[in-house]
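**Q** Before I ask anything, here is the structure I am working with.
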Amino acid sequence: MTAFGRGGAAGLLQRLRPTRIDVADLLDVAQVVLPLLAGRQLRVELLRRTAAGSVLVVEEEERTLRVALADLADDMTRAGVAPTPEAMTAALRSWVAHRPVTDASAAADGIAVLDWADAARSAVGWRVVVRRGDATQPWAPLPGTAAGQVDHTRSAATARAGEVELTLRVEGPVALWSYPAMPVLATTALAAPGRMLDRVAGAGLPVEDVHVVVTPHRPVACAGRSVAARLAGETPEASVTLPWDELSALPWL
Amino acid sequence: MSVLPTGGTGSEVLVPHWLASPERLQLATAVRAALGDPAVHPVAVIHLQDVLTELHVAAARDAVWPASAARVRLATGWDADVLPVRLSAAELTAVLALCPLPDGLRGRLHGDGA
Chain A
781 MTAFGRGGAA
791 GLLQRLRPTR
801 IDVADLLDVA
811 QVVLPLLAGR
821 QLRVELLRRT
831 AAGSVLVVEE
841 EERTLRVALA
851 DLADDMTRAG
861 VAPTPEAMTA
871 ALRSWVAHRP
881 VTDASAAADG
891 IAVLDWADAA
901 RSAVGWRVVV
911 RRGDATQPWA
921 PLPGTAAGQV
931 DHTRSAATAR
941 AGEVELTLRV
951 EGPVALWSYP
961 AMPVLATTAL
971 AAPGRMLDRV
981 AGAGLPVEDV
991 HVVVTPHRPV
1001 ACAGRSVAAR
1011 LAGETPEASV
1021 TLPWDELSAL
1031 PWL
Chain B
295 MSVLPTGGTG
305 SEVLVPHWLA
315 SPERLQLATA
325 VRAALGDPAV
335 HPVAVIHLQD
345 VLTELHVAAA
355 RDAVWPASAA
365 RVRLATGWDA
375 DVLPVRLSAA
385 ELTAVLALCP
395 LPDGLRGRLH
405 GDGA
C-alpha cells in the first residue's frame, strides 16, 4: 500500500514492469480531478510553470505540501500505477487523502492509537490519528508548537479513543479486541486501561498480572503473563508484550 | 519476532501440530476426560491444562496474525479451519500417554502427515 492506494495499481505485472506515467497525461488528469478535491479549507491546485514544470500544491491551514508534477509521475510509475486516466485519478485522490493532518483536525477529531515506534518494530508508542475516508492519517505536531496545545490534543485523542466501540472476543484465557472495519483502531482498547480491565473482568477472565500483546493494525490480545508469552512467543510476526499498567507510560510518537 | 517481558515463558520449544476444528474438539474432549481422572499425576495435570490453554491460544494467535497459517494452508491445500496447535514435548507426552484419543488424531499428533 502506497500513498497512491491500491486502486490505481494494475497488478503484479504492472508493478514488475511498470509502464511510465507520462507527466503530460498526468497533467491532463490533474486539471480535471484537482478542482473536485478542493474544500472549504483545502486548497489543491496546479502552479503552471513552463520552464520548471508544473507544481502541485496542497494547502490546508498551517500545512502545505508542494511536489513537482514530474516527480509525482515518477513516484506513481515506481508504485505501479497503471497509465490510464482512471488509475491516475484514483492515485491522485489517494495522494491528496494522504496529505498531512492539520492541528485543528487533530484537536477536533484525533484518536489515540498505538503504532510502531521504530523501523525495527521492537517498540510501540502512542500516536494521534484522524479518520479520513476508510483509512486514518497520523498527526505530527510541527516544531515549535506550544507544548500545552500538543498535550491538549493528545489528551483529547486519548479520551476519544476510550469511546471507540470495539468488538470483544473471548478465546479461553485470552481477550481479543478488534475493530474489523478499521484495524488500526483496535489499540484504542488500551487508551483507557481501567475500562479495558473492567470489561476483561466482566467477561469472566482473571485480571491478575494482565499483559497485552500489541501488533499495531492487528487485534489486541490481553491475557495473564504466561499465556500472553505463549501467544506472542510462537509467531514469526512482530509484536510487543507488556503489563497493562505500563500502557499509560508509553511515549508519544 | 516478539518482545517478551523479562523472565517470561517461551524458552521451551513448542512444535506445531496442524489440526482441523473437529480434531481440536476431539483433543479438548480427550484432555478433559483425562483431567477428570484423580489418578493422574499433578505434574501431568499441569501439562494437560496447558494443552487446553494452547487450544485457545492457537485460535487467538490465528485471530491476531492470520497470515502465517494462511500461507501454509495455501501451500498445502489444507482447509481454512486447520490451525497449528503448538505443544511442548512434555505436553505431547502427557496427551499421548493419558488421553483417550481417536486413532486418526493419535496418528496426527505422532506426526503421521497432516
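Top to bottom, those sequences are chains A and B. Per my numbering, the first sequence starts with residue 781, numbered consecutively. Per my numbering, the second sequence starts with residue 295, numbered consecutively. Each residue gets a CB set at the ideal place from its N, CA and C atoms; glycine is no exception.
When you compare each of Ala-899/A, Pro-918/A, Gly-913/A and Thr-782/A to Trp-906/A by their alpha carbons, which one comes out closest?
**A** In this structure, Pro-918/A is the residue among Ala-899/A, Pro-918/A, Gly-913/A and Thr-782/A with its C-alpha nearest to the C-alpha of Trp-906/A.
**Q** I'd like to check one pair, Pro-378/B with His-311/B: are the Cβ atoms closer than 8 angstroms?
**A** A contact, by the Cβ cut-off of 8 angstroms.
**Q** Opposite Leu-822/A in the DSSP bridges: which residues?
**A** Glu-840/A
**Q** So Arg-390/B and Leu-403/B are in contact, right, with Cβ under 8 angstroms, and what is the actual spacing, rounded?
**A** Before going further, note that residue 390/B is Leu rather than Arg in the sequence given. With a Cβ gap of about 6 angstroms, Leu-390/B and Leu-403/B count as contacting.
**Q** Just to confirm the assignment, what range does the beta strand (DSSP E) spanning Ser-958/A have?
**A** 954-958
**Q** By how many angstroms is the C-alpha of Leu-845/A removed from the C-alpha of Glu-839/A?
**A** 6 angstroms
**Q** Here's the rule: buried if 16 or more other CB atoms are within 10 angstroms of the residue's CB, otherwise exposed. What is Gln-821/A?
**A** Exposed: under 16 other Cβ atoms inside 10 Å.
**Q** What residues match up with Arg-380/B in a beta bridge as DSSP calls it?
**A** Arg-380/B is bridged by DSSP to Pro-310/B.
**Q** Three or more C-beta pairs under 8 angstroms: does that hold for the segment 889-903 of chain A against the segment 957-973 of chain A?
**A** yes
**Q** Could you tell me which whole beta strand (DSSP E) segments of length 3 or greater appear in the segment 840-866 of chain A?
**A** 843-848
**Q** Nearest-angstrom Cα distance between Ala-804/A and Gln-811/A?
**A** A straight-line Cα-Cα distance of about 11 angstroms links Ala-804/A and Gln-811/A.
**Q** Buried or exposed: where does Ala-941/A fall if 16 or more other Cβ atoms within 10 Å of its Cβ makes it buried?
**A** buried
**Q** In angstroms, rounded to a whole number, what distance separates the CA positions of Arg-828/A and Val-847/A?
**A** Here the alpha carbons of Val-847/A and Arg-828/A stand approximately 12 angstroms from one another.
**Q** What are the boundary residues of the beta strand (DSSP E) that includes Thr-1021/A?
**A** 1020-1023
**Q** So with CB distances below 7 angstroms, who are the chain A contacts of Arg-380/B?
**A** Glu-1014
**Q** Could you check what DSSP says for Gly-301/B in three-state terms: helix, strand or coil?
**A** The pLDDT assigned to Gly-301/B is 38, lower than 50, so where the model puts this residue is not dependable, and the model offers no usable value.
**Q** Applying the criterion that 16 or more other CB atoms from any shown protein chain within 10 Å of the CB defines a buried residue, is Glu-317/B buried or exposed?
**A** buried
**Q** Over the uninterrupted beta strand (DSSP E) stretch that includes Glu-951/A, give me the two end residues.
**A** 947-951
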